[in-house]
Ligand SMILES: Cc1cc2nc3c(=O)[nH]c(=O)nc-3n(C[C@H](O)[C@H](O)[C@H](O)COP(=O)(O)OP(=O)(O)OC[C@H]3O[C@@H](n4cnc5c(N)ncnc54)[C@H](O)[C@@H]3O)c2cc1C
Ligand SMILES: Cc1cc2nc3c(=O)[nH]c(=O)nc-3n(C[C@H](O)[C@H](O)[C@H](O)COP(=O)(O)OP(=O)(O)OC[C@H]3O[C@@H](n4cnc5c(N)ncnc54)[C@H](O)[C@@H]3O)c2cc1C
């Protein structure tokens, strides 16, 4: 079963192929380097060639051909993932979906789209056709694909209202191609969606997506400043708990994040400023300003009315993992954690973690709805020193009751709840019998007895040169 | 200060006046008779004449004229209120708003409308112009006005998602005319909205309304049947807690409500059937059916696909106070309570009340969002025997921790939280110095030291003949 890469590449040469070394290398990488841990382990990883099918039929041809020649296939949207999700650990074929980007149908409340469509292009099409937009998007809206968001993302801007991407109702239908001798085309709805959503493309290629839509508004984007952390956190929570105030984003930045890392915000805040970033529907602004007056806090920026010499750009590009990006650019030793502060202990837990770790770990919180409750997702900024210390920080969070989705691991399980997703595994058995799809990302497939007592290291990973 | 009704009527005779006895009597009544307590006390109440202004200027003229002649003015939308809200306890002028029903402007997310517009006409205009609809409406959507809803209502179909009418953001702006020597026109937003919303027209006349809109969908209306009460209640709660499933209604009917009182449903249920009524967005149906399969329950009706010989009509016309209406029609001794089952004790409290009172009191629950939490409003059906027993039932609810908004009282305070709303009272002092607007409805105005130890009886109420 040794892969015959050359044979597969040749058999596919009538398709759009890229095998120029520099560009194959760049298309083999994602944002894994946010993690110093992954940076050390994955930096050398590179595929053999890139193929960019134009149709589902061409996807099938790629999968069938690579199956015949035992060549691994790693799917790529835009490669903005953070866990090395899109990196071909064993090399092989990179299936690039940039040519499958059509918005096929738009209806009231839903859209049908190909996976390679950029989130921003999808929104533009829906807005133009009927003033609608997707319920939520990753903060990489401008560069990421909808397919990559579903296969690799978790939620984002909009999750303060609609919950996470994998909550019931946030994906309507997925069309999936399997990697078998004769690839099959399957349509998934309901429970079956969980087989392939957030499966990193390890058990099928998503070729068509049906997503719910919400009305598009001219969201008013804002920054609110506080001298203390707790009232900042409480504003974000309170606005999300006001059922009549429609929001798309509520982010909390512990001081000195705004001052230290947000260049365009810096002139307007102090080092000690804690800040809340918000997107509020224009017709909810009266309600919001009423709440703000009740709760205190200084509105330092609103997108529809301000005198900033240099405006900050979209406020959501300060939130979610863009906070980390901005911090990294200023201070390269920064990395991050993904924390779940579940209701009703969320605020207490956050207080504990701050007391324990600030400023080594700075709180960056995103309001998230979970099972109908407003809670916080933490994308804490961590001043990295050693892997041991990072692991210790993680352990102390877990011991306190704050679940960690470890972004310093490249497997589904370690980046998730450290348990096997049986639905994904069972479907991989069916859909990828040779285990060629994005190899090394599902521990349960490689090593069912893995104990999660240390970081998993994929045995068949390419050797570093 | 004796009212000079004849003088006022004459001075207004160039306006649209109705003083035919039968129709003045009918326009002096609302749905107070749902309450046997109010029926006994208010049945004789009648105004002197009805005037129906066509413009705000005419409203001002009516108020100025009645002020000059000390004539009480009771505003009327459609008279579908339940607390005798629109009944002229002292007689006088009935200000009927049917001629002020224009939809003035529709924008993304908001509408500007005159108060006399029927809820259903407002929705029709918004749907036609831009596929939008109001966030919530009383189940009297087909007959009630938007002004009456704001001045007298509390929430309804849509409150499972958007909360109550008076939550921040659910009313954007109100334009109000005062009853002074020279009536003023005021514009209220933010905190000031609370002065006149749900004030029964006791301190000003609302002449223009700006409301938020939500997208209009072809809501799928459903009935789900259960053999047990608890799983029915749990489905309603669970669907509201699924952040990705968009709903507009989730109602629970304890057995035998569906069988005993819902004629068109009866053939499809047993006496022991507990039922859930739902409105779900079409693009959320996949998520909903997935949840339903997880939780159990039999889908006996869906509006978009059924083989019922006689369809039930809009499902929301089984919910909110329409449940009471349907029960009353079959069993005239039925009346009702309005109960708040607050999170997180809601289910436990409901269980207690059922154990204590069923079937004398049958649970009819509406999912409601309150401060971001899913809880239940109860519009319990009560088999009325005596006023003493009714008071006892109320007392036992309150002792258990279930707040009661007593629908057997005609004052703002007794139908509310039994406390004076200082904002409303203060504004009444300013806007209605002679106390002529809807007299007898605000205890704080008449008798600031009232102790709420028994039912308030307005001293200047018309004598029954
Ligand atoms: C600055 C920054 C901010 C971010 N913010 C967020 C955020 O707010 N929320 C969030 O969830 N993520 C966030 N991310 C992670 C990432 O950007 C998103 O998940 C993004 O949506 C991924 O899309 P992509 O097209 O880049 O996917 P890729 O990185 O190309 O792929 C992601 C995974 O999906 C697989 N895949 C891609 N397409 C398919 C397909 N059609 N079928 C099967 N598998 C497929 C890939 O193999 C890979 O495993 C952020 C990342 C960065 C760098
Ligand atoms: C079967 C049934 C079901 C119901 N369901 C609900 C429900 O789901 N939710 C709910 O909240 N209510 C409900 N109600 C009560 C009532 O129908 C609603 O509140 C309705 O919206 C009132 O509108 P209306 O036009 O009939 O108002 P009216 O009854 O005419 O007036 C209500 C009050 O508002 C005042 N008022 C009216 N217009 C103005 C104005 N422009 N300016 C100042 N004051 C004004 C009146 O003086 C009166 O005090 C129900 C009633 C019935 C009979």
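Residue numbers (UniProt numbering), protein chains in the order written: chain A, 1 to 465; chain B, 1 to 465.
All C-beta atoms in this analysis are idealised placements derived from N, C-alpha and C, irrespective of residue type, glycine included.
Distance CB(residue 109 of chain B)-CB(residue 124 of chain A) smaller than 7 Å: no
Pair within 7 Å by beta-carbon distance, residue 132 of chain B and residue 213 of chain B: yes
Compute the distance between the beta-carbons of residue 365 of chain B and residue 252 of chain B, then report whether it is under 7 Å. yes
With which residues is residue 215 of chain A paired in a DSSP beta bridge? A:132
Chain B contact residues for residue 197 of chain A, given Cβ-Cβ distances below 8 Å: Ordered by position in chain B, no residue passes the 8 Å Cβ test against residue 197 of chain A, which lies about 12 Å from the chain.
How about residue 458 of chain A and residue 83 of chain A: do their beta carbons lie closer than 7 Å? no
Residues in its own chain within less than 7 Å of residue 7 of chain B by CB, not counting five upstream and five downstream? 69
DSSP-derived helix/strand/coil call for residue 18 of chain B: strand
Closer than 7 Å to chain B by CB, residue 231 of chain A: no
Chain A partners of residue 258 of chain B, CB-CB under 9 Å? Going along chain A, no residue has its Cβ under 9 Å from residue 258 of chain B, so there is no contact; the nearest lies around 26 Å.
For residue 325 of chain A, is the beta carbon positioned less than 6 Å from some heavy atom of ligand 1? yes
Which residues of chain B have a Cβ atom closer than 7 Å to the Cβ of residue 245 of chain A, listed in chain order? 168, 169
Just to confirm, does residue 30 of chain B get its C-beta within under 6 Å of one of the non-hydrogen atoms of ligand 2? yes
Between which two residues does the beta strand (DSSP E) containing residue 250 of chain A stretch? 247-253
Residue 94 of chain B CB to nearest heavy atom of ligand 2 below 6 Å: no
Is there a Cβ from chain B that is less than 7 Å from the Cβ of residue 473 of chain A? With chain A represented from 1 up to 465, any question about residue 473 of chain A goes unanswered, as that position is not in the structure.
Any heavy atom of ligand 1 closer than 6 Å to the beta-carbon of residue 261 of chain A? no
Taking Cβ-Cβ distances shorter than 8 Å, what residues in chain B pair up with residue 369 of chain A? 243
Cβ-Cβ separation, residue 3 of chain A to residue 92 of chain A (assumed contact under 8 Å), whole Å: 6 Å
Pairwise C-alpha distance: residue 297 of chain A and residue 233 of chain A: 11 Å
Taking 7 Å as the CB-CB limit, is residue 382 of chain B close to chain A? no
Which of helix, strand or coil does DSSP assign to residue 172 of chain A? coil
Please tell me whether residue 279 of chain A and residue 258 of chain A are closer than 7 Å, where the distance is taken between their beta carbons. no
Separation of residue 113 of chain B from residue 245 of chain A, as counted between CA atoms: 21 Å
Below 8 Å CB to CB, which residues in the same chain sit around residue 306 of chain B once its five sequence neighbours on both sides are set aside? none
Is residue 206 of chain A a contact residue of ligand 1, with contact defined as CB to any heavy atom under 6 Å? yes
Using the Cα positions of residue 158 of chain B and residue 347 of chain B, report the straight-line distance between them to the nearest angstrom. 21 Å
What number of angstroms, rounded off, separates the C-alpha of residue 285 of chain A from the C-alpha of residue 247 of chain A? 10 Å
Using a C-beta to C-beta distance shorter than 8 Å, which residues of chain B count as neighbours of residue 320 of chain A? Within chain B, no residue comes near residue 320 of chain A; the closest Cβ sits about 17 Å away, beyond 8 Å.
Where residue 281 of chain A meets chain B, residues with beta-carbon distance less than 7 Å: 109
Using a Cβ cut-off of 7 Å (strictly closer), state whether residue 290 of chain A contacts chain B. yes
Is there a C-beta anywhere in chain D that falls below 7 Å from the one on residue 372 of chain B? Although the question refers to chain D, the structure presented lacks it and instead comprises the protein chains A and B.
Taking 8 Å as the threshold, find out whether the segment 332-343 of chain A comes into contact with the segment 156-171 of chain A through three or more Cβ pairs. no
Cα-Cα, which of B:461, B:454, B:442, B:456 is closest to residue 203 of chain B? B:442
In terms of alpha-carbon separation, which member of A:100, A:391, A:230, A:11 lies closest to residue 206 of chain A? A:100
Of all the CB atoms in chain A, is at least one closer than 7 Å to the CB of residue 296 of chain B? no
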